[in-house]
Structures are given as C-alpha cells and as structure tokens.
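Undergrad: Before we start, here is the structure in question, set down as structure tokens.
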Amino acid sequence: MSLIINEIFYSLQGEGGRTGEASVFIRLSKCNLACSFCDTDFKSGKSMALDEIYAEISSYPCRWIIWTGGEPTLQLNEEIVAFFKDKGYRQAIETNGTRRVPSGIDYITCSP
Numbered sequence: 786m787s788l789i790i791n792e793i794f795y796s797l798q799g800e801g802g803r804t805g806e807a808s809v810f811i812r813l814s815k816c817n818l819a820c821s822f823c824d825t826d827f828k829s830g831k832s833m834a835l836d837e838i839y840a841e842i843s844s845y846p847c848r849w850i851i852w853t854g855g856e857p858t859l860q861l862n863e864e865i866v867a868f869f870k871d872k873g874y875r876q877a878i879e880t881n882g883t884r885r886v887p888s889g890i891d892y893i894t895c896s897p
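According to this note's numbering, the residues represented by the sequence shown are 786 to 897, in order.
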C-alpha cells in the first residue's frame, strides 16, 4: 500500500489546541475542493510505501503524525491509520470535512 506524498516535515504544531507540540507533518496530494487560497500543490507528489514513510519519519523526535493536504481522506484509510498506531504514533488530521475521517484518528481539525 502506498500514498502520494507532497512533503514530509518535522515541526511544532502552530495552531489549535495542540499548539507547540512536536509533530511530523505528512502532506498528502489530491484534493476534492481545490480552494483558490490553498498553498498546497496537491496535483503533484511522490508515491511512497508505508514502510518508506515510516523509515523517513522514525528519525524525528516525536510521536504525533499530522495528516494534512490536499484532502487526506482521499487517500487515508483505517488500515493506514492502524499501521502507524501500531508503531506508537498518535495521529491528527486536518480535513475540509467533506468526507468521512477514518476510525483511529486521535484529533480532528476541520477547516477549508
């Protein structure tokens, strides 16, 4: 199983109830809205297997994954969430709210 990744980066969460928490952001490609103000190039990306993603993020000193995009629910499913939960990660999603969020997500942020 693989995902089309726009970028992966480590940072502190900059907004919301978890502001200041160390996190790894996994920005997924694809979006069902394509808002004019969005800063994500959601049309391009690199296909990465789950093991490749884990190998990249495991070096970061945090246990939170932030799934963002684009619209993460176009690619994210329960199997993927469970894979990273089994590796010890808590997971948040930043979604536009137009699709169902996979079960197992620990924190949901909904904004266009």
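No residue lacks a Cβ here, since even glycine has one placed at the ideal position from N, Cα and C.
All figures in this text were calculated on a predicted structure; none of them were measured in a lab.
Do you know offhand how far residue 880's Cα is from residue 859's?
TA: C-alpha separation (whole angstroms): 10 Å.
Undergrad: So what does DSSP say about residue 845, is it helix, strand or coil?
TA: In this structure, residue 845 counts as coil in the three-state DSSP scheme.
Undergrad: Going by DSSP, what residues sit across from residue 886 in a beta bridge?
TA: Answer by DSSP bridge pairing: none, since residue 886 is not bridged.
Undergrad: CB residue 810 to CB residue 794, shorter than 9 Å?
TA: Cβ distance < 9 Å, so residue 810 and residue 794 count as in contact.
Undergrad: What number of angstroms, rounded off, separates the C-alpha of residue 813 from the C-alpha of residue 799?
TA: Their Cα atoms are separated by approximately 18 Å.
Undergrad: Let's test the definition: count the other Cβ atoms within 10 Å of the Cβ of residue 815 and tell me whether it reaches 16, buried, or not, exposed.
TA: With 16 or more Cβ atoms within 10 Å of its Cβ, residue 815 is classed as buried.
Undergrad: With DSSP collapsed to three states, give me the class of residue 794.
TA: The answer is strand: DSSP assigns residue 794 an E or B state.
Undergrad: Given this structure, state the Cα-to-Cα distance separating residue 947 from residue 832, to the nearest angstrom.
TA: There is simply no residue 947 to check, as the chain begins at 786 and stops at 897 in what is shown.
Undergrad: Starting from the C-beta of residue 851, find all residues in its chain whose C-beta is less than 6 Å away, skip the five residues before and the five after it, and write them out in chain order.
TA: The answer, listed in chain order, is 808, 810, 877.
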